Each structure stands twice: as structure tokens, then as C-alpha cells.
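A.B. asks:
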Amino acid sequence: MFYREAGDFKTSYAEDNQTFPIKFDRYRYYVVLVLAFAVVPFIINDYWVNAVFLPFLIYSIAAIGLNILVGYCGQVSLGSGGFMAVGAYACYKLMTSFPDVNIAIHVMLAGAITAAVGVLFGLPSLRIKGFYLAVATLAAQFFLVWLFNRVPWFYNYSASGQISAPERTVFGIPVTGAETAPWAAYLFCLVFAVASALIARNLTRGMIGRKWMAIRDMDIAAEIIGVNPLKAKLSAFAVSSFFIGIAGALFFAIYLGAIEVGEAFGINKSFLLLFMVIIGGLGSIFGSFAGAAFLVLLPVLLKNLLVVGLEWPTDLATHLEFIIVGGLIILFLVAEPHGLAQLWRVAKEKLRLWPFPH
Amino acid sequence: MLDTAEGYVTEDGRKIGGVVMEMKNITLRFGGVVAIQDISFDIRQGEIRAIIGPNGAGKSSMLNVISGFYNPQEGEVWYQGAKRPAMKPYEVAQQGIARTFQNIALFEGMSVLDNVMTGRIRQMSAGMVAQAIWKGKAEREEIKNREAVEKVIDFLEIQSIRKTPVGRLPYGLKKRVELARALAAEPSILLLDEPMAGMNVEEKEDMSRFILDVNDEFGTTIALIEHDMGVVMDLSDRVVVMDYGKKIGDGSPDEVRGNQAVIDAYLGVAHD
Ligand SMILES: Nc1ncnc2c1ncn2[C@@H]1O[C@H](COP(=O)(O)OP(=O)(O)OP(=O)(O)O)[C@@H](O)[C@H]1O
Ligand SMILES: [Mg+2]
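So the protein sequences, as listed, match chains E and L.
In terms of my numbering, the first sequence has 357 at position 357, counting the first letter as 1, and numbering is strictly consecutive.
In terms of my numbering, the second sequence has 1046 at position 46, counting the first letter as 1, and numbering is strictly consecutive.
So, in C-alpha cells, the structure goes:
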């Protein structure tokens, strides 16, 4: 009954334009925010933060970034793992070169550096599309991982070839290093995730988002009605890589603390992010969160169910996870190409009309 | 300005001005195929200029030359009194030339409203940072342009479908949304490639009315390609006739109708 737009008349275009035009959606959004900022930090422990919340938030940011490129602008990318690595290494170099600067600034700068690298590797998109572009971005993936492995300057000539995050604080509270409290790491990532979602939402509802979607839906027509394809595509690469770079920086500095590039940011990561975006829903910010949540929670659930509950061996559970994820991706590609976000939309549409569907 | 001297007033009292666009000796080849062969014609301010001809005559190619989508091997395009250098299509659009397509080219994944809003690219300048922040410049600009777009939506009577994804619309409405997108640009020249193709009589009447109203109310210069001779004769002030890439006639509907070359090439053959 309460999920209605009847009686909720919009009297200005600003109101009609808002992110959640239906009152109930708006309230639910505020409730989620309050829960996330004011309740969750007090009740989570180390296990929940490391197994669920940090990866969920960080992958959400990366999925938002990839979704802008693939879902909104229609440019395929298999290089997101490599771009996450750029964010991580940029953050590491900044943290070690300028230890007095706040880590939040380093994370944002890491995003900016990744944006520049993204534009560089986005240049081929001006000439090639689809499958060929995917191959070009795949080359970027391998090149970047190779680069961070091979050039010792990037890992400050450490003997192991790994990078590890020095201790840093925000307002005197440690957010990286061994002293970090789970809630502090969680809140730090949450702020970035919420800000990323807001920025992405604003960009995609405005003219730049429409330009991206126009290029995605019909690039020739887009150019003829006035979209500069060069600017539209490269800006999508820039914004996308910006978010992915931030995600890479957080993944390294906050979540893992120490990484080896091939392991943390290999081609598997690129595929994982792509799967999140496909399962969550191409061209949807909410879908980016949904996809990230789904693929972060699935292994945790399976592990608890099969390994802890039914006492299966771990590797068997892992294989089952692969099978389920693979099956789901095929299912979504065939049956619901717009992902979880679309299922959610359809459910809401039904609810809005319920109980009189006509 | 080229030939601005004589403007004239039509029988129904519309004012036609000087030449805004002139095609001079345009030749366009695709490998061995000569799509346009040494064609010249002009378009006057405020007129409805029709381009007709049998299938494959080169009409769409001519619009594509005007849009900057094809660069002719020979010839010049003059716009608002100046020779136009080779341009990218989006630069041509920025100059105020908007168009629709023979095969509808809407953005299928977007709503009607978003499609029509894309027509406002020329009028919107907020940078990326302003749009990311939204509050302030970007929102003001969005609202101002939304108002302009709503006027077009009212004008074309598509209020009830503004939030509908374009992919779900029937053919006739898609044609109308495409016209809305072009109109939203407030173009100085509007190019329409077969705006009534595939429509029933009623839809054709609606579309004719819209075209006349646009021209009448906003004084928009229109160049249109159309196969239906009745429509062409009713709507247009002057007609260019093409056949096999050549111009075989140019003048008022009556003059063209009486032209023997035109009758042979076109009127006798295509009768639908
Ligand atoms: N991109 C292209 N490449 C090769 N040939 C082309 C191309 N575009 C058009 N042509 C050829 O140019 C000629 C003119 O085509 P055009 O589409 O301009 O005709 P038209 O008058 O619009 O015909 P219709 O009434 O069927 O739309 C045709 O012979 C066509 O095959
Ligand atoms: Mg044609």
C-alpha cells in the first residue's frame, strides 16, 4: 500500500529528476545510510569486516567504475585488474614518498593517476570496438602486471617484490597497518563507496551520462547529433579508471595491507569485476553494488554451508563455487541481460501496481 | 552572404529569406559508384525544400554530405555565407544542423526524455566536475534545458510516453521521438530523411502537420526527402529532383511536375 507514487506529485523538474523519485525508496535509502554509518560500525567484528564488508565496499567501487565504461558507454574492458594495480602502486609510491600527506588524499590521487593511465589505454577505442577492444584492454592488463613485477622502482626495490602499506592515520585513528580497528577500516572504505556512488549517479543522470549512453546505443547517430566520440569515450575511460584506481588503492592499503601484483590484480580480477557488473546489471549503479554483494557473499555462504556445515573439503566447495558462478553468468546473459538490477526494477514495478496489475 | 538580396513571401504568407546553404558542384563516389554527380542547389532561409527521386538516386547521400558524415570528392558546401571546411559530423551539429534518419536512429536503451535531451548537447556546457557535484551549475542547466525539451514534447504530443524506454515504442511514435530530438536542438536547418516512410495515412497527416507547424511557428528551415508525391507537393516550397546521382529538376512543385525529364524518371515509374 505504501509503495506508491499516486498522490506524490512532482511540482518541479528538479523533483522529477531526483535519484529516488518514489518516497518509499528515498526513505529506505536514508535508513540504509544511517545503518551503514551509525549502526554497523558498532556491531561488526574482524571476521565480518575482512570476509564481507571490506571486499564488498571495495569491489562495489570498482564495479561502479567498470559499469560506467561497459554498461554506460558500451566499451568492453578486460583490463580492470591492471587498472586496480595502477591505483595500488600509485597509492604505495605516494604513501612512501610523501608520508606526511593524509592517506585519503593519496587514495584520491591514486584514482587520478589511474584515470590518466586509463585514458592512455582507452585510445585504441577510438579506432576499434567490441572483441578487438577487449583484446587490446587484455594486453593492457598483462602489460601493467608485467610492469609492476619487473620495474623495481615501483616496489621500492624490496627484496620480496611485494609492496606493503605503512601505518597511516585519519584524525589520529589508524586506518592502515596492524593497529587498525575493523570499524575504522570499514568506515574509511564506506565513505569512498558512498561518495563514488553519488558521483557516478550524478554523472550518469546528466549530459555526460547521456553522451556515454548515446555512444553505447548507436555511435554513428550519436556523432551526427553532436556527441564528440573522442571526448565521450575517453571521459568514460577516465572516470571509470578513476573509480577502479581508488578501489585498487583501498584493496591494497586498507584491505590486504601487503600484496604481490600478479596474485592480487591478475586477469582473474578483471573477470571477477566483469562478472559482478553483468550479474548486477549493466548500466546500473545499484546493480554494481548488487553484483559485488552477490559475488562476495556467495563464496562465504558456500563455505559456511558446505565446509563448516556439511564438512566438505575446501577445494570441492571452491570448485562448486566456480560452477555456480559460471552457470549464473550464462543464465543472466541469456535470460536477464540487465542483471539483478532489472529483477529488482521489475519487482518494484509489480509492487507499485499491486494488487491491480492493469 | 550569398544572394541574400531577394527574399519573397509565399502564397500563404510565410516569409522566405536569402540563401543559407548552398551546395556547389558536389560529386560523391563510393569506389566505382557515383552516388552524387556534380549537383548544385541551394536552400533558403525559412523554406521547406524537398529532395525527391527514385530509390538509389543519392538523396540520403546528399543529406549525409550536408551533415558532414560523407566528405564529397569534389564540390563545396557553403553555409551562412561562408565556405565550410571539411568537418566532423559533430561539428556540423554544433553549427545548428539537426536531422532525422531514414532508418530510425534512436538510442534504444534510453527513455524518450533522455533521447530528446540528447538533442540539447549544443546548449549544455557544464563541465565534468560540475556534473559530478550536480548541485549548482549542472542542476540549473539541466532544469533550464528540461523546460525547453518539455515544450518540444508538448508540441509533438508525446507527453504520455516521456519516461518510456524507446525500445518499447511502435514505429510511428519512434519517428516522432526522433523528430523531437532534432527539434530540441533548436536547429537553424532541419534535415528529415523520409519522415513519413512506413506510416499510415493518419500518421502521415500528423507528421505533415508537425512539419508545417515547426516551419511556421519557429521559422525553421527544413530540407526533407520524401517519396509520397502528394505530401511533397503539399509541403514544399521548392523541390530538387535527383535520378542516378544527377539533378534532373529543380523548382516549385508545379514546375517540377511539368518537367518531362522528371515525369520520365520518376513520376511514371514510382507510383505508390
Ligand atoms: N556507404 C556507402 N557505400 C557504398 N555505396 C553507397 C553508400 N551509401 C550509398 N551508396 C550508394 O549510393 C547510391 C545512392 O544511395 P542513397 O542511399 O543516397 O539513395 P537514396 O536516394 O537515399 O535511396 P532510397 O530512396 O532507397 O533511400 C546507391 O547506389 C547506394 O548503393
Ligand atoms: Mg535514402
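Backbone N, C-alpha and C define an ideal beta-carbon position, used for all residues, glycine too.
From a predicted model like this one, the values you see are computed outputs, not experimental measurements.
In its own chain, which residues sit with a C-beta less than 7 Å from the C-beta of L/A1126, not counting the 5 before and 5 after it?
C.D. replies: So the list reads K1137, A1138, E1141, once near-sequence residues are dropped.
A.B. asks: For L/R1014, which residues of its own chain have a beta-carbon under 7 Å away from its beta-carbon, when the five flanking residues on both sides are left out?
C.D. replies: G1046, D1216
A.B. asks: Specify whether the stretch 1114-1131 of chain L and the stretch 200-210 of chain E touch according to this definition: at least 3 beta carbon pairs, one from each stretch, less than 8 Å apart.
C.D. replies: yes
A.B. asks: Using beta carbons (cut-off 9 Å, strictly below), is E/N17 in contact with chain L?
C.D. replies: yes
A.B. asks: Taking buried to mean at least 16 other C-beta atoms within 10 Å of its own C-beta, is L/Q1159 buried or exposed?
C.D. replies: Counting Cβ neighbours within 10 Å, L/Q1159 comes out exposed, since fewer than 16 surround it.
A.B. asks: Determine, using beta carbons only, whether L/Q948 comes closer than 9 Å to chain E.
C.D. replies: Because chain L spans 1001 through 1272 in this model, residue 948 of chain L falls outside it and cannot be assessed.
A.B. asks: Flag this pair as yes or no: are the beta carbons of L/I1052 and L/M1242 separated by less than 9 Å?
C.D. replies: yes
A.B. asks: For E/C307, name the three-state secondary structure that DSSP assigns.
C.D. replies: The sequence given here has Val at residue 307 of chain E, not Cys. DSSP places E/V307 in helix when its eight states are reduced to three.
A.B. asks: Which of the three DSSP states, helix, strand or coil, is assigned to E/R127?
C.D. replies: coil
A.B. asks: Could you compute how far the alpha carbon of L/Y1008 sits from the alpha carbon of L/M1023?
C.D. replies: Cα to Cα, L/Y1008 sits roughly 21 Å from L/M1023.
A.B. asks: Rounded to whole angstroms, how far is the Cβ of E/L282 from the Cβ of E/G339, which I believe are closer than 8 Å?
C.D. replies: Right, the Cβ-Cβ distance comes to about 7 Å (below 8 Å), so this counts as a contact.
A.B. asks: Give me the Cα-Cα distance between L/S1188 and E/K231, rounded to the nearest whole angstrom.
C.D. replies: For L/S1188 and E/K231, the gap between their C-alpha atoms comes out near 25 Å.
A.B. asks: Report yes if the C-beta distance between E/V70 and E/L274 is below 9 Å; otherwise report no.
C.D. replies: Yes. Within cutoff.
A.B. asks: If I measure Cβ to Cβ from E/A104 and keep anything under 7 Å in the same chain, skipping five residues before and after, which residues do I get?
C.D. replies: V170
A.B. asks: Could you check which residue in E/V334, E/A249, E/P337, E/Q18 has the C-alpha nearest to that of E/F83?
C.D. replies: For the residues E/V334, E/A249, E/P337, E/Q18, the minimum Cα distance to E/F83 belongs to E/A249.
A.B. asks: Where does E/K350 land, buried or exposed, given buried means 16+ other C-beta within 10 angstroms?
C.D. replies: exposed
A.B. asks: I'd like to confirm something about L/G1075: is its beta-carbon nearer than 8 Å to some heavy atom of ligand 3, or not?
C.D. replies: The model depicted lacks ligand 3 and carries ligand 1 and ligand 2 instead.
A.B. asks: Identify, in the order they occur along the chain, each residue of the same chain with its Cβ nearer than 7 Å to the Cβ of E/T19, setting aside the five sequence neighbours on each side.
C.D. replies: R201
A.B. asks: Is the stretch 33-51 of chain E in contact with the stretch 262-274 of chain E, if contact means three or more CB pairs nearer than 8 Å?
C.D. replies: no
A.B. asks: Please indicate yes or no: does the CB of L/S1236 lie closer than 8 Å to some heavy atom of ligand 2?
C.D. replies: no
A.B. asks: In angstroms with no decimal places, state the Cα-to-Cα distance between E/P182 and E/V49.
C.D. replies: Cα to Cα, the separation comes out at about 6 Å.
A.B. asks: For E/A247 and E/G65, which I take to be in contact (beta-carbon distance under 8 Å), what is that distance rounded to the nearest angstrom?
C.D. replies: Yes, they are in contact, since the Cβ atoms of E/A247 and E/G65 sit about 7 Å apart, within 8 Å.
A.B. asks: Among L/L1212, L/G1096, L/E1194, whose alpha-carbon lies nearest the alpha-carbon of L/M1229?
C.D. replies: L/E1194
A.B. asks: Does L/G1018 come out as helix, strand or coil in the three-state DSSP assignment?
C.D. replies: Secondary structure at L/G1018: coil, using DSSP grouped into helix, strand and coil.
A.B. asks: Quick one, which of E/L138, E/A292, E/N268 has its alpha-carbon nearest E/I278's?
C.D. replies: Among E/L138, E/A292, E/N268, the Cα nearest to that of E/I278 is on E/A292.
A.B. asks: What residues are listed by DSSP as bridge partners for L/G1251?
C.D. replies: L/V1239
A.B. asks: Residues of chain L with a CB under 8 Å from the CB of E/D34: which are they?
C.D. replies: Sequence inspection shows Val at residue 34 of chain E; the Asp mentioned does not correspond to that position. Within 8 Å Cβ-Cβ: nothing; E/V34 doesn't reach chain L, min ~22 Å.
A.B. asks: Looking at the strands, I want to know which residues DSSP matches up with L/I1222.
C.D. replies: L/I1048, L/L1190
A.B. asks: Whole-angstrom Cβ separation of L/I1043 and L/T1221, contact assumed at under 8 Å?
C.D. replies: 6 Å
A.B. asks: My parser needs the alpha helix (DSSP H) runs of 4 or more residues fully inside the stretch 1062-1098 of chain L; what are they?
C.D. replies: 1089-1094
A.B. asks: Please name the residue, chosen from E/P337, E/F53, E/F237, that lies closest to E/L187 on a Cα-to-Cα basis.
C.D. replies: E/F53
A.B. asks: Can you list the alpha helix (DSSP H) stretches of 4 or more residues lying completely in the stretch 174-252 of chain E, in chain order?
C.D. replies: List check, alpha helix (DSSP H) in window: 182-205, 207-217, 219-224, 229-250.
A.B. asks: Can you tell me which residues fall inside 6 Å of ligand 1, judged by beta-carbon distance to its nearest heavy atom, and keep chain order?
C.D. replies: L/F1030, L/V1033, L/A1035, L/G1053, L/N1055, L/G1056, L/A1057, L/G1058, L/K1059, L/S1060, L/S1061, L/Q1102
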